[in-house]
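Just so you know, we're using the working numbering here: the sequence shown kicks off at 3 and counts up by one. Cβ atoms here follow ideal geometry from the backbone N, Cα and C, with glycine treated the same way. Only one structure is covered here, and it is reproduced in the block below.
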Amino acid sequence: MIIILKREATKEQADVLLKVIKDHGLEPLYMPGSERTVLGALGDERVLADLSLDSYPFVDRVLPILSPYKRASRELQSHDTVVRVRDVSIGPGRFTVMAGPCAVESEEQIVDSARIVKAAGAQILRGGAFKPRSSPYSFQGLEEEGLTLLSIASRETGLPVVTEITDIHYIDTVSKHADMLQIGARNMQNFRLLQEVGRSKKPVLLKRGMSATYNDLLMSAEYILSEGNSQVVLCERGIRTFEHGTRNTLDLNAVPYLREKSHLPIIVDPSHGTGIRDLVLPMSKAAAACGADGLIVEVHPHPDRALSDGPQSLFPEQFSRLMEQIARIAELEGRSLT
Ligand code: PEP
Ligand code: MN
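Here's what the structure looks like:
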């Protein structure tokens, strides 16, 4: 429920309502604006209906929040959220590129990768230490050692780091090294994990599950937001369809759709979305053109030797070209890459 107070309503009057909301076991939200104050009440819809909040004289209007996701919805917050990863902002007016290898493989590999992507203009370093692989026989990541190597690469280049967390037991360990916690496609509906990252103070990159609807994705974001962490970036990374020519089908409809429904930033992963190196540049351009807030791209110093996702990883010079071309499209969209 959204409660719009009259212009002349005072803070004391707002406090009266906030207390009523709280006393009924609902969650009160206080959102002062330059024109007027808006309150929110989240919880059981039947209790909300019985409160008759519109009968208070200082209340202008009471509106239901129709979407099942409340905090993630534009109904509750109309302005775009800006997510901050150390000194990097993700949101309106900017186009943020996260890049690096699929997995951290060695100190030399991750430090080289970090230097390569930084030189080309990427703002955040990616790299998996805990890898959720489809096969138990594939490289599973260097785990804690990989996190330490990411920190070294981050120190060497000054780039903040995004890395995946696959299990609630590693929250403290991963948080010590990561500037942003990535929830992978396979864990998008691991609700305990979502709650755990929701309680952490780190920004979260939430990737869409490969069979998840937009609604599922936004409900997963809601799990994080409802635990008090408002710093969530959504990521379209391709879905399973009948098409097997590409690894996944990159669903760019997601960008304008999610933009309309939610205030959270949306980035695109053309690497997992296509699985084919040569498709990454055209789909990155398409992502920038349809209004994405950024990209996450796999880049490897030697993709032919990569321990995971080599076929979709860009060669360093391909990534530099991508950054040059993206800058022009982003500019047309009113976004800068710095
Ligand atoms: C990744 O980005 O490293 C990854 C495993 O992606 P996804 O969870 O989208 O498959
Ligand atoms: Mn990968």
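Status (buried if at least 16 other CB within 10 Å, exposed otherwise) for residue i
i, result
"Asn255", "exposed"
"His302", "buried"
"Thr13", "At residue 13 the sequence reads Lys, which differs from the Thr that was named. With fewer than 16 other Cβ atoms within 10 Å, it is exposed."
"Asp52", "exposed"
"Pro34", "exposed"
"Gly296", "buried"
"Asp311", "buried"
"Ser140", "exposed"
"Glu224", "buried"
"Lys24", "exposed"
"Glu300", "buried"
"Ser156", "buried"
"Ile170", "exposed"
"Glu247", "Position check: residue 247 holds Gly in this sequence, whereas Glu was assumed. So Gly247 ends up on the exposed side."
"Gly275", "buried"
"Pro138", "exposed"
Nonlocal neighbours in the same chain, by C-beta distance under 8 Å from residue i, ignoring five residues either side
i, result
"Ser213", "Ile241 and Arg242"
"Leu152", "Val106, Ile112, Leu127, Gly129, Ala131, Val163, Thr165, His179 and Ala180"
"Tyr259", "Tyr216"
"Val49", "His26, Gly27 and Leu28"
"Val64", "Met3, Ile4, Ile5, Ile6, Leu55 and Asp56"
"Pro414", "Outside the modelled stretch of the chain, which goes from 3 to 340, sits residue 414, for which no answer is possible."
Residues of its chain near residue i, where Cβ-Cβ distance is below 6 Å and the 5 sequence neighbours each way are ignored
i, result
"Lys204", "Ser177 and Leu183"
"Leu31", "Gly42"
"Asp82", "Gly93, Pro94 and His265"
"Glu229", "Gln197, Gly200 and Arg201"
"Leu44", "Glu29 and Lys72"
"Val85", "Ile92, Pro205, Gln233, Val235 and Pro267"
Cβ shell of residue i (< 7 Å), same chain only, five flanking positions each side left out
i, result
"Glu109", "Leu151 and Ile154"
"Leu78", "Ile4, Gly42, Ile67 and Lys72"
"Ala294", "Val257, Ile268, Ile269 and Val270"
"Phe193", "Tyr225"
"Ala16", "Leu7, Tyr32, Thr39 and Leu41"
For residue i, three-class secondary structure by DSSP
i, result
"Ser156", "helix"
"Arg201", "helix"
"Val84", "coil"
"Val257", "helix"
"Pro267", "coil"
"Tyr139", "coil"
"Val342", "Because the chain in this structure spans residues 3 to 340, residue 342 falls outside the shown range and cannot be described."
"Ile278", "coil"
"Asp62", "strand"
"Gly293", "coil"
"Gly247", "coil"
"Gln125", "coil"
"Lys72", "coil"
"Leu44", "strand"
"Ile226", "helix"
"Leu151", "helix"
"Ser322", "helix"
"Pro30", "strand"
"Lys133", "coil"
"Ser57", "helix"
"Gln314", "helix"
Assumed close pair residue i, residue j - CB separation to whole angstroms, cut-off 8 Å
i, j, result
"Ala122", "Glu158", "Their Cβ separation, rounded to whole angstroms, is 16 Å, which puts Ala122 and Glu158 out of contact at 8 Å."
"Glu238", "Val257", "6 Å"
"Ile118", "Val61", "About 57 Å separates the two Cβ atoms, so there is no contact after all."
"Arg76", "Arg337", "Rounded, the Cβ-Cβ distance is 20 Å, inconsistent with contact."
"Val235", "Ile226", "Between Ile226 and Val235 the Cβ distance is about 11 Å, and since that is not below 8 Å, they are no contact."
"Glu37", "Arg9", "7 Å"
"Tyr58", "Leu19", "7 Å"
"Leu339", "Ala332", "6 Å"
Problem - Cβ contact check for the region 137-152 and the region 312-323: 3 or more pairs under 8 Å - result: no
Exercise for the section: Would you check if the region 280-294 and the region 148-157 touch, i.e. whether three or more CB-CB distances between them fall below 8 Å? Expected result: no
Practice task
Inspect the CB distances between the region 117-128 and the region 89-103 and report whether three or more fall short of 8 Å.
Solution key: yes
Problem - Three or more C-beta pairs below 8 Å linking the region 268-278 and the region 289-297 - result: yes
Exercise for the section: Spell out a yes or no on whether the region 59-79 and the region 186-199 are touching, meaning 3 or more CB-CB pairs, one atom from each, closer than 8 Å. Expected result: no
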